[in-house]
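Please read the structure below before turning to the comments.
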Amino acid sequence: MSNGNHQETKTLIVGAGIVGASIAYHLARRGEDVLIVDRVGPAAGATGKSFAWINAHHFKQPDYHRLRYQSLAEYHRLERELEGSLGLNWCGALSFDAVGDAFDQRFEGFRRLGYPVEVISHNRFRKLEPNYGHPPGRALHLSLEAAVDPVCACTALIDAAVQHGAQTLFGSDVIALKTDQRCLTGLETSEGTIQAKRIVIAAGTGAEAILQSLDINLPMANQSGVLLKSRPIDPRINHVIWGDRIHMKQQTDGCMIIGEVFSESWSERDPSHIAEQMLGEAKRHLPDADIIIERTTVGIRPMPKDGMPIVGAVDGVDGLYLAVMHSGITLAPIVGRMAADEILDQITFETLEPYRLRRFKDTDTTATS
Ligand SMILES: Cc1cc2nc3c(=O)[nH]c(=O)nc-3n(C[C@H](O)[C@H](O)[C@H](O)COP(=O)(O)OP(=O)(O)OC[C@H]3O[C@@H](n4cnc5c(N)ncnc54)[C@H](O)[C@@H]3O)c2cc1C
Numbered sequence: 015m016s017n018g019n020h021q022e023t024k025t026l027i028v029g030a031g032i033v034g035a036s037i038a039y040h041l042a043r044r045g046e047d048v049l050i051v052d053r054v055g056p057a058a059g060a061t062g063k064s065f066a067w068i069n070a071h072h073f074k075q076p077d078y079h080r081l082r083y084q085s086l087a088e089y090h091r092l093e094r095e096l097e098g099s100l101g102l103n104w105c106g107a108l109s110f111d112a113v114g115d116a117f118d119q120r121f122e123g124f125r126r127l128g129y130p131v132e133v134i135s136h137n138r139f140r141k142l143e144p145n146y147g148h149p150p151g152r153a154l155h156l157s158l159e160a161a162v163d164p165v166c167a168c169t170a171l172i173d174a175a176v177q178h179g180a181q182t183l184f185g186s187d188v189i190a191l192k193t194d195q196r197c198l199t200g201l202e203t204s205e206g207t208i209q210a211k212r213i214v215i216a217a218g219t220g221a222e223a224i225l226q227s228l229d230i231n232l233p234m235a236n237q238s239g240v241l242l243k244s245r246p247i248d249p250r251i252n253h254v255i256w257g258d259r260i261h262m263k264q265q266t267d268g269c270m271i272i273g274e275v276f277s278e279s280w281s282e283r284d285p286s287h288i289a290e291q292m293l294g295e296a297k298r299h300l301p302d303a304d305i306i307i308e309r310t311t312v313g314i315r316p317m318p319k320d321g322m323p324i325v326g327a328v329d330g331v332d333g334l335y336l337a338v339m340h341s342g343i344t345l346a347p348i349v350g351r352m353a354a355d356e357i358l359d360q361i362t363f364e365t366l367e368p369y370r371l372r373r374f375k376d377t378d379t380t381a382t383s
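In our numbering, the protein residues as written are 15 to 383.
Okay, here's the thing in structure tokens:
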């Protein structure tokens, strides 16, 4: 990765998480002059603490489901383009966090949307996951879905952007956006001012504070999530397993990654207590595995108030583009490509219209319009 002369940068990207990395890659690949600024470095935010299941596990808003589904296809394209360097595992998922009517509704929802899904029985589950104790009565098998090593994917995208000429400036804190009338002129960082024609804010949970400098309120309701990583063990599970209290996947290096279902079902929000409960639950399901936790993290999910992504140009500030979202691991390929095209070609994609910041104007405030 490189640092260089940043005075003439055309597009400055704040945030070297997976969303900023993907936008940077797609811009640089089209020949754009790009500088990625991060207060730490690649994957330092939610990306590095993410469970990183790539999925279209959503059926209530068909458009949003389709966006996620499209991103699965984009991952295949990116995987070819970047020659397998993203750390993807197309293992499929088994989901049974919903039970009873909710399970049936979800299955029906996916079926109506034309999303490949199969209901599998208890016995079939046992065949697919012979080491998993206490299998559910039935589960949804989502064969198209995947797991990814988020740090590997993020780093690969940034490296690829750099190969296409992007520059990086890590260890630099963005403090404020600078404007002249309604036009962006650059930003103020802990290292001084950087001028830029265009700025993309892909700073995850850091975006809110940066936008405050222009009196723009980003309506966020971020949520925390505990994640455990074990020492490597022999292969135990084959899919992303999405149960009612924890979810699990096993990396190709043998490490188990265990996440909590972010309902309020845990007895308290003390992370170490939750981690203990999660480990107990994992051991209950994999009784023969010697699971030793080597790392526990608490990540903050960048969560817009309505749960949907915020993507697009900001009304009233020429040159400012936002990309802040949960499920950013899933969405980064499609958002990265479309954002780059919107920025460079000055077009707008119909697909992204539901996700503009202006949708909040009646319920929340922005100083932009
Ligand atoms: C526990 C957990 C589990 C998750 N599971 C999944 C999942 O299974 N599937 C899925 O699709 N998504 C999942 N997510 C969500 C997903 O991880 C995030 O949506 C995604 O990582 C967001 O990426 P990002 O690039 O937008 O933000 P981030 O990864 O947070 O990156 C933002 C970057 O901006 C930098 N930054 C912030 N402020 C400033 C500033 N002022 N100056 C300079 N730099 C700044 C930070 O250092 C950081 O590197 C999960 C998240 C968590 C926490």
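All residues carry an ideal CB built from backbone N, CA and C; glycine is no exception.
| request: Please report how far the alpha carbon of Gln264 lies from the alpha carbon of Thr61, in whole angstroms. | output: Taking the sequence shown and counting its residues from 1, one reaches residue 264 at position 250. Taking the sequence shown and counting its residues from 1, one reaches residue 61 at position 47. Distance between the alpha carbons of Gln264 and Thr61: 18 Å.
| request: Flag this pair as touching only if the segment 72-91 and the segment 202-210 have three or more C-beta atom pairs under 8 Å; answer yes or no. | output: With a cut-off of 8 Å, the segment 202-210 and the segment 72-91 do not count as touching, because too few Cβ pairs lie within range.
| query | By Cβ distance, which residues of its chain are closer than 7 Å to Pro164, with the 5 residues on each side in sequence left out? | reply | Counted from its first residue, the sequence shown places residue 164 at position 150. Ile32, Ala57, Thr61, Gly62, Ser64, Ala66, Ile343.
| From Val240, Tyr129, Gln84, pick the residue whose C-alpha is nearest to that of Ile307; which is it? | As a position in the sequence shown, residue 307 is number 293, starting the count at 1. The option with the nearest alpha carbon to Ile307 is Val240.
| message | In chain order, what are the residue ranges of uninterrupted beta strand (DSSP E) at least 3 long that sit wholly in the segment 192-243? | response | 197-203, 206-209, 212-215
| said: According to DSSP, is Gln75 part of a helix, a strand, or is it coil? | reply: Reading the sequence shown from its first residue, position 61 is the one you call residue 75. In the structure shown, Gln75 sits in coil (DSSP, three-state: anything other than H, G, I, E or B).
| task | Could you tell me the distance, in whole angstroms, from the CA atom of His178 to the CA atom of Arg212? | result | Counting from 1 along the sequence shown, the entry for residue 178 is found at position 164. Counting from 1 along the sequence shown, the entry for residue 212 is found at position 198. Rounded to whole angstroms, His178 to Arg212 spans 19 Å at the Cα level.
| task | Starting from the C-beta of Leu44, find all residues in its chain whose C-beta is less than 7 Å away, skip the five residues before and the five after it, and write them out in chain order. | result | Numbered from 1 along the sequence shown, position 30 holds the residue referred to as residue 44. The amino acid occupying residue 44 in the given sequence is Arg; Leu does not appear at that position. So the qualifying residues of the chain are Ala354, Leu358.
| task | Indicate the three-state DSSP secondary structure (helix, strand or coil) for Val325 in the structure shown. | result | Counting from 1 along the sequence shown, the entry for residue 325 is found at position 311. It is a strand residue.
| Just how far apart, CA to CA, sit Pro285 and Thr219? | Residue numbering aside, residue 285 sits at position 271 when the sequence shown is read from its first letter. Residue numbering aside, residue 219 sits at position 205 when the sequence shown is read from its first letter. Taking the straight line from one Cα to the other gives about 19 Å.
| said: Going by C-alpha to C-alpha distance, which of Val275, Ile189, Trp256 sits closest to Ser238? | reply: Position 224 of the sequence shown, counting from 1, holds the residue named residue 238. Across the set Val275, Ile189, Trp256, the C-alpha of Val275 shows the shortest separation from the C-alpha of Ser238.
| When the distance is taken between beta carbons, is Leu242 closer than 7 Å to Thr310? | What you label residue 310 is simply residue 296 of the sequence shown in a count that begins at 1. What you label residue 242 is simply residue 228 of the sequence shown in a count that begins at 1. Yes, these two residues count as a Cβ contact at 7 Å.
| Segments of 3+ residues assigned as beta strand (DSSP E) that fall wholly inside the segment 56-125 | 107-109
| Residue from Cys168, Ser135, Ile271 with nearest C-alpha to Ser36 | Translated into the one-based positions of the sequence shown, residue 36 becomes position 22. Of Cys168, Ser135, Ile271, the residue nearest in Cα terms is Cys168.
| Residues that Thr182 bridges to, as DSSP identifies them | The residue given as residue 182 occupies position 168 in the sequence shown. Answer is Ile50.
| query | Under three-state DSSP, which class holds Tyr129? | reply | Within the sequence shown, numbered from 1, the residue matching residue 129 stands at position 115. Three-state DSSP puts Tyr129 in coil, outside helix and strand.
| task | Check whether the segment 137-156 touches the segment 105-122, counting contact only when three or more Cβ pairs, one atom from each stretch, lie closer than 8 Å. | result | Yes: at least three Cβ pairs fall under 8 Å.
| said: Within 10 Å of its beta-carbon, does Pro318 have 16 or more other beta-carbons around it, so buried, or fewer, so exposed? | reply: Translated into the one-based positions of the sequence shown, residue 318 becomes position 304. That one is buried.
| request: Can you give me the Cβ contacts of Asn17 inside the same chain, cut-off strictly under 7 Å, excluding the 5 residues immediately before and after it? | output: For this step, residue 17 is matched to residue 3 along the sequence shown. Since pLDDT at Asn17 reaches only 44, below the 50 mark, its modelled position is unreliable, and no value is offered.
| query | Helix or strand or just coil, what does DSSP make of Thr311? | reply | As a first step, residue 311 must be located in the sequence shown, where it is residue number 297. The three-state secondary structure of Thr311, taken from DSSP, is strand.
| task | On a CA-only basis, which of Ala161, Ile348, Arg351 is nearest Val254? Give me that one, please. | result | Stepping through the sequence shown from its first residue, residue 254 is reached at position 240. Checking every option, the nearest Cα to that of Val254 belongs to Ala161.
| message | My output table needs one value for Lys141: the three-state DSSP class, helix, strand or coil. | response | Numbered from 1 along the sequence shown, position 127 holds the residue referred to as residue 141. In this structure, Lys141 counts as helix in the three-state DSSP scheme.
| field | Residue range of the unbroken alpha helix (DSSP H) whose run includes Val165 | value | Numbered from 1 along the sequence shown, position 151 holds the residue referred to as residue 165. Where Val165 is concerned, the enclosing alpha helix (DSSP H) stretches over 164-177.
| beta-carbon Ser135 near ligand 1 non-hydrogen atom, thresh 6 Å | For the purposes of this step, residue 135 is taken as the residue at position 121 of the sequence shown. Ser135: no, Cβ never under 6 Å from ligand 1.
| query | Mind checking Val113: buried by the 16 CB within 10 Å criterion, or exposed? | reply | Translated into positions along the sequence shown, residue 113 becomes position 99. It is exposed - the Cβ of Val113 has fewer than 16 other Cβ atoms within 10 Å.
| request: Check Glu159 in the structure and name its three-state DSSP category. | output: On the sequence shown, position 145 is the one that residue 159 refers to. Here Glu159 sits in coil by DSSP.
| field | Proximity to Leu92 [Cα-Cα], best of His40, Tyr78, His79 | value | Indexing the sequence shown from 1 puts residue 92 at position 78. Nearest option by C-alpha distance: His40.
| Euclidean distance between Cα positions of Glu159 and Asp194 | Translated into the one-based positions of the sequence shown, residue 159 becomes position 145. Translated into the one-based positions of the sequence shown, residue 194 becomes position 180. Whole-angstrom Cα-Cα distance: 46 Å.
| said: DSSP three-state label for Ile357, please. | reply: As a position in the sequence shown, residue 357 is number 343, starting the count at 1. Three-state DSSP puts Ile357 in a helix.
| task | Please work out which residues of its chain come closer than 7 Å, Cβ to Cβ, to Asp52, disregarding the five sequence neighbours upstream and downstream, and give them in chain order. | result | Along the sequence shown, one-based indexing puts residue 52 at 38. Excluding sequence neighbours, Asp52 sits near Gly29, Ala30, Ala58, Phe184.
| task | Out of Leu96, Ile189, His261, Ala217, state which residue places its alpha-carbon closest to the alpha-carbon of Gly55. | result | Residue numbering aside, residue 55 sits at position 41 when the sequence shown is read from its first letter. Of the listed residues, the one whose Cα sits closest to Gly55 is Ala217.
| Straight-line CA distance for Thr266 to Ala38? | For this step, residue 266 is matched to residue 252 along the sequence shown. For this step, residue 38 is matched to residue 24 along the sequence shown. Taking the straight line from one Cα to the other gives about 28 Å.
| said: I want to check one thing, is the minimum distance from the CB of Ser341 to the heavy atoms of ligand 1 below 6 Å? | reply: Taking the sequence shown and counting its residues from 1, one reaches residue 341 at position 327. Ser341 Cβ: within cutoff of ligand 1.
| request: Rounded to whole angstroms, what's the CA-CA distance from Thr382 to His261? Just pull it up for me. | output: Within the sequence shown, residue 382 is the residue found at index 368, counting from 1. Within the sequence shown, residue 261 is the residue found at index 247, counting from 1. Only weak support is given to the placement of Thr382: the predicted model assigns it a pLDDT of 38, under 50, and the question is left unresolved by the model.
| query | Is Val188 near ligand 1, going by C-beta to nearest heavy atom under 6 Å? | reply | The count along the sequence shown starts at 1 and reaches residue 188 at position 174. Within 6 Å of the C-beta of Val188 there is at least one heavy atom belonging to ligand 1.
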